[in-house]
Amino acid sequence: MTSRRPTIGVFDSGFGGLTVLKALLELVPSADYLYFGDTARLPYGSKSVETVARYAVEAAHYLEAHGAGLLVIACNTATALALDRITAAAQVPVVGVVEPGAEAAASVSKNRKVVVLGTEATVSSHAYRKALEARGIDSREKACPLLVPLVEEGWVEHPVTEQIARIYLDEAFADGFREADALVLGCTHYPLLKALLHRVAPSHVSIVDSAESTARAVVRHLQKLLPPTEAIQEERRALPRLKFFATDSVEKFRRLGPRFLGHPIEDVQHVDLKE
Ligand code: DGL
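Residues in the sequence shown are numbered consecutively from 39, following my numbering.
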């Protein structure tokens with residue numbers, strides 16, 4: 039990483055991490071970004087710790103070999119299951135999404151009760167529960183496996199998605215968690231459902247987008263890594279440079295990616311990671 043212009047490697051199982059990249063582009067527009075989507079091997083959310091850790095470490099090595107000076111593990115599942123393994127394998131600092139999400143939830147929850155939505159694997163790892171417990175917060179984690187395919191289908195405002203979200207949230211906010219006052223979006227795909235979830239969640243609930251809190255954590259890291267502000271301020275005027283790597287079809291990445299990133303995707307390169 040040069041002192042004036044950081045190269046940030048963003049890793050996800052596929053397209054969803056583009057929501058984290060989108061948040062990063064808003065806060066750190068003057069960086070070079072390398073985005074790696076492991077589209078050939080998604081979903082990670084239904085896989086074992088061993089498999090997810092192996093895939094994620096391979097991707098982290100790839101990004102480092104291509105010049106990333108900081109790695110952002112945008113995938114909640116990879117962070118929850120394998121952040122320690124990725125950090126141990128990497129030569130550069132690594133930022134995951136769980137700690138920033140838990141931190142943001144802790145800062146908005148007044149009654150110290152929080153609901154976390156995520157994939158099966160994220161929920162089974164209890165990574166969010168542990169991170170929230172460490173901050174004195176009681177949590178209920180709820181696996182919502184149907185939401186990822188619905189978002190990928192583009193059904194972000196579809197009545198079927200609303201009905202399914204209502205069932206998940208009714209279950210999550212039941213019993214001892216009726217008064218929970220924060221809802222953590224613990225999966226890369228859920229920020230696309232923010233408007234729908236606002237409608238469906240109890241009205242007193244604040245929504246915590248771990249993509250946004252992660253982008254803020256990256257800014258704090260960069261402030262530690264880079265010399266203080268003048269150079270960064272100057273560079274802020276420069277445009278981001280983006281390069282995308284996908285392990286499955288480049289055409290599909292170009293087609294689906296913009297739904298998550300919010301603008302067209304040009305420079306995608308196919309990567310074949312050998313098993
Ligand atoms: N990126 C994953 C996550 O944030 C969701 C998609 C998948 O299961 O691979 O947990």
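Backbone N, C-alpha and C fix where the C-beta goes; we use that ideal spot for every residue, glycine too.
Contact between R178 and V153 holds: CB atoms are separated by about 5 angstroms, below the 8 angstroms threshold. Two segments are said to touch when three or more pairs of C-beta atoms, one from each, lie closer than 8 angstroms; by this definition the segment 195–208 does not touch the segment 124–137. Note on K85: 16 or more other CB atoms within 10 angstroms of its CB, so buried under the neighbour-count rule. Per DSSP, H308 lies in no alpha helix (DSSP H); the unbroken beta strand (DSSP E) holding it starts and ends at 306–308. The segment 180–195 makes contact with the segment 226–235; the number of CB pairs closer than 8 angstroms reaches 3 or more. With 16 or more other Cβ atoms from the protein chains shown falling within 10 Å of its own Cβ, R79 counts as buried. By the 16-neighbour rule on beta-carbons within 10 angstroms, A103 is exposed. It is roughly 28 angstroms from the alpha-carbon of T89 to the alpha-carbon of P296. For Y166, the three-state secondary structure derived from DSSP is helix. Check the Cα spacing between V161 and each of L277, D70, E304, L223: the tightest is with L223. Using a Cβ distance threshold of 8 angstroms, A253 and V58 count as a contacting pair. With contacts defined as CB atoms closer than 8 angstroms, S51 and A116 qualify as a contacting pair.
When DSSP assignments are scanned along the segment 105–154, the uninterrupted stretches of alpha helix (DSSP H) that are 4 or more residues long and fall wholly within it turn out to be 114–127, 136–146. As DSSP reads the structure, T45 sits in a beta bridge with D70. A distance of 8 angstroms or more separates the beta carbons of A181 and E209. Annotation for F215: no alpha helix (DSSP H) segment contains it, and DSSP assigns it neither H nor E. Looking at V130, P278, H301, W193, the one whose alpha-carbon comes closest to that of V110 is V130. The nearest non-hydrogen atom of the ligand DGL is 7 angstroms or more from the C-beta of L109.
By the C-beta density criterion, N149 is exposed, having fewer than 16 other C-beta atoms within 10 angstroms.
With a beta-carbon spacing of about 5 angstroms, L119 and V87 fall inside the 8 angstroms limit used to define contacts.
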